[in-house]
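Numbering follows full-length UniProt numbering, in which position 33 of the sequence shown is assigned residue number 33; successive positions increment by one, without gaps.
First the structure, in the form of structure tokens, and then the observations on it.
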Amino acid sequence: MSLNLVSEHLLAANGLSHQDLFSILGQLTERRLDYGDLYFQSSYHESWVLEDSIIKDGSYNIDQGVGVRAVSGEKTGFAYADQISLAALEQSAQAARTIVRDTGDGRVKTLG
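What follows is the structure in structure tokens.
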């Protein structure tokens with residue numbers, strides 16, 4: 001999947017920008033972490049039940065969410081939200097960094 005496609009379907013569709021992601025990663029550095037990352041997931045499921053060539057049932061489901069990982073020394077904090085929004089990212093980042101102590105060197109690396 002290309003970065004443009006991911007940006008369109010996961011970020012833009014949920015009112016987020018690349019700058020929002022950098023901001024969240026920046027918030028993680030407030031606790032002097034060694035490492036922090038964001039994990040996005042999105043899945044689409046569609047199913048049909050046929051009986052004698054007649055559709056008896058059908059379903060369509062979309063699951064998406066975002067996880068935040070914060071690592072400081074030997075401690076790791078994880079948090080997850082089942083929606084992709086700036087508020088959910090901020091809450092998850094707060095929860096993940098609260099789990100770990102101020103033992104890192106304060107450098108969270110961003111890719112890109």
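Note that CB positions come from ideal geometry on N, CA and C, so glycine has one too.
Through-space distance from residue j to residue i, alpha-carbon basis
{"i": "S7", "j": "D52", "result": "42 Å"}
{"i": "Q41", "j": "K56", "result": "30 Å"}
{"i": "F22", "j": "E30", "result": "13 Å"}
{"i": "W48", "j": "L5", "result": "27 Å"}
{"i": "Q27", "j": "T98", "result": "12 Å"}
Beta carbon of residue i nearer than 8 Å to that of residue j
{"i": "L25", "j": "G15", "result": "no"}
{"i": "G58", "j": "A81", "result": "no"}
Simplified DSSP assignment, three categories, for residue i
{"i": "Q64", "result": "strand"}
{"i": "V49", "result": "strand"}
{"i": "R97", "result": "helix"}
{"i": "G73", "result": "coil"}
{"i": "G36", "result": "strand"}
{"i": "G58", "result": "strand"}
{"i": "residue 115", "result": "Past the edges of the chain, shown from 1 to 112, lies residue 115, and the structure says nothing about it."}
{"i": "G26", "result": "helix"}
Spatially closest choice to residue i from the options, by CA coordinates
{"i": "residue 114", "options": "L33, R32, G58, Q83", "result": "Limits of the chain in this structure are 1 at one end and 112 at the other, which puts residue 114 out of reach."}
{"i": "E74", "options": "D34, A12, L3", "result": "D34"}
{"i": "V71", "options": "Q19, S17, R32", "result": "R32"}
{"i": "E46", "options": "I62, A12, L86", "result": "I62"}
{"i": "Y39", "options": "L50, L10, V100, Y60", "result": "L10"}
{"i": "Y60", "options": "S43, L50, D20", "result": "S43"}
Bridge partner(s) assigned by DSSP for residue i
{"i": "residue 146", "result": "Only positions 1 to 112 of the chain appear in this structure, which leaves residue 146 out of reach."}
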